[in-house]
Amino acid sequence: MRLSRMLWLWLGLVALLLSGCAGRSSAGAIAFESRQGDSSDILLLSLADQKLTTLVSDPAWDGTPAISPDGKRLAFASDRDGDPEIFVMNMDGSGLVKLTDNTAADYMPAWSPDGTRIAFVSDRTYFVPLEGGNLEVSSGLELYVMDADGRNVVRLTGDQNDVSLYPSWSPDGQKIAYMNVSNVAHIYVVDVNPENPQPRDLTPELTISAWSPRWSPDGKYIIFMGDDQTKKGIYRMDADGGNLVELTRDLPAYAVDPAWSPDGRRIVFASNPGGAVNLYTMTPDGKDIQQLTKGSGYYALPSWSR
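Note that this note's numbering has the sequence shown beginning at 95, numbered continuously upward.
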């Protein structure tokens with residue numbers, strides 16, 4: 095009898111611990127774009143109580159949100175000043191600071207793992223060295239990195255025939271994965287080294303367009319949205335580009351904009367099985383799909399914080 099009681103107590107303790115672990119895996123909050131017509135605001139979903147609040151609302155476009163690694167700040171893009179610029183604010187809405195200020199379009203901010211730098215995309219003008227020492231003026235959507243206060247801007251990519259979008263830092267802060275578009279969209283990776291960036295294609299044999307890569311917290315995988323011209327879905331591959339798997343093959347709708355939970359145990363993405371585009375989560379193997387939001391518009395580009 096005594097042994098039986100001890101066994102049940104032990105099993106109860108294990109169940110409690112496991113439920114606590116499960117809760118932590120789905121804890122935190124998710125910031126995302128809410129698009130209604132031509133406007134776009136940034137909302138925050140608390141996963142603890144499912145409370146939905148508005149973080150950024152302006153008559154202008156506000157989008158591409160990114161929560162800092164410590165969960166205290168939000169970087170985003172807004173065209174409230176006439177063209178898209180990068181802004182940062184505290185999660186309570188205070189302390190708004192504009193980090194970029196030029197006539198170019200700056201957007202898609204991505205925090206470095208230590209929160210000290212921000213990668214972003216810009217179509218600002220730059221100079222391309224030519225043979226003989228001459229310079230050619232160029233502009234295009236390229237990848238840049240700056241300090242978290244907007245200083246020390248460095249361009250990492252630059253090819254007049256390509257477009258670079260959707261930066262995502264490796265967990266060690268040494269590399270950035272991004273989407274590169276030439277004839278077809280592929281996933282590239284570049285060293286965060288201004289002296290020798292060396293962009294390289296991770297998916298040279300891929301026959302589908304690959305968008306919005308996101309590095310897993312443990313550095314082992316990269317997820318992205320793949321488009322084969324008939325359906326958009328979420329794919330996972332090893333960080334070196336191998337072992338490609340389609341995670342949403344059986345989902346009867348498109349799936350886009352994937353992002354990892356901070357602990358790497360869930361993936362959030364946007365999908366439209368009911369017409370409206372809402373947020374869903376699944377395990378890294380594409381199972382246990384759960385709906386998070388029930389909006390009537392278009393929810394996109396989620397960023398998951400602790």
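Glycine included, each C-beta is placed from N, C-alpha and C at the ideal position.
Chain-order list of residues whose beta-carbon lies under 6 Å from that of residue i (same chain, five-residue window excluded)
i: S162; result: W205, G209
i: V284; result: L250, I270, P291, P293
i: V191; result: V182
i: A394; result: E127, D351, A364
i: S216; result: A198, D200, Y238
i: A349; result: G327, I328, T342, F363, S365
i: I383; result: Y374, M376
i: V339; result: R330
i: T194; result: E179, I180, D200
i: G176; result: none
i: S151; result: D135
i: D295; result: H280, Y282
Inter-residue spacing [alpha-carbon to alpha-carbon] between residue i and residue j
i: R218; j: G336; result: 34 Å
i: V371; j: L138; result: 16 Å
i: K381; j: V247; result: 41 Å
i: R245; j: P307; result: 26 Å
i: A347; j: Y392; result: 14 Å
i: A242; j: P207; result: 12 Å
i: R174; j: A154; result: 5 Å
i: G252; j: E236; result: 6 Å
i: N274; j: L373; result: 25 Å
i: A353; j: I180; result: 20 Å
i: K325; j: A279; result: 15 Å
i: N277; j: V257; result: 10 Å
i: S355; j: S390; result: 24 Å
i: I124; j: M240; result: 24 Å
i: G187; j: R211; result: 21 Å
i: Q144; j: K388; result: 11 Å
i: S397; j: I136; result: 11 Å
i: T297; j: P159; result: 26 Å
i: E299; j: G189; result: 46 Å
i: E230; j: P265; result: For E230, the predicted structure reports a pLDDT of 48, less than 50, and the residue's modelled location is therefore unreliable. A value from the coordinates is still provided. If I take the Cα positions, the gap works out to 35 Å.
Residue i - DSSP class collapsed to helix/strand/coil
i: E127; result: strand
i: D200; result: strand
i: A142; result: coil
i: Y348; result: coil
i: L395; result: strand
i: Q323; result: coil
i: E340; result: strand
i: I383; result: coil
i: E236; result: strand
i: M183; result: strand
i: P298; result: coil
i: G358; result: coil
i: V150; result: strand
i: D332; result: strand
i: T219; result: strand
i: K192; result: strand
Expected contact under 8 Å - CB spacing of residue i and residue j to nearest Å
i: D312; j: G358; result: 6 Å
i: R330; j: P378; result: 7 Å
i: A304; j: I281; result: 5 Å
i: G122; j: R400; result: 5 Å
i: D156; j: S172; result: 5 Å
i: M202; j: L259; result: 6 Å
i: A213; j: P261; result: 4 Å
Residues of its chain near residue i, where Cβ-Cβ distance is below 8 Å and the 5 sequence neighbours each way are ignored
i: M185; result: L138, L149, I161, G165, K166, R167, L168
i: P178; result: W155, A171, S172, A199, D200, Y201
i: Y315; result: W309, R330, M331, D332, A333, P378
i: S134; result: E127, S128, W155, D156, G157
Same chain only: Cβ atoms within 7 Å of residue i, ignoring 5 sequence neighbours per side
i: G368; result: none
i: I302; result: G320, D321, D322
i: A142; result: A121
i: N196; result: R218
Neighbour flag for residue i against chain D, beta carbons, 8 Å
i: S276; result: This model lacks chain D altogether, as it is built from one protein chain only.
Q.
Between the stretch 309-329 and the stretch 357-370, can you find at least three pairs of beta-carbon atoms closer than 8 Å?
A. The answer is yes - the stretch 309-329 touches the stretch 357-370, with three or more Cβ pairs under 8 Å.
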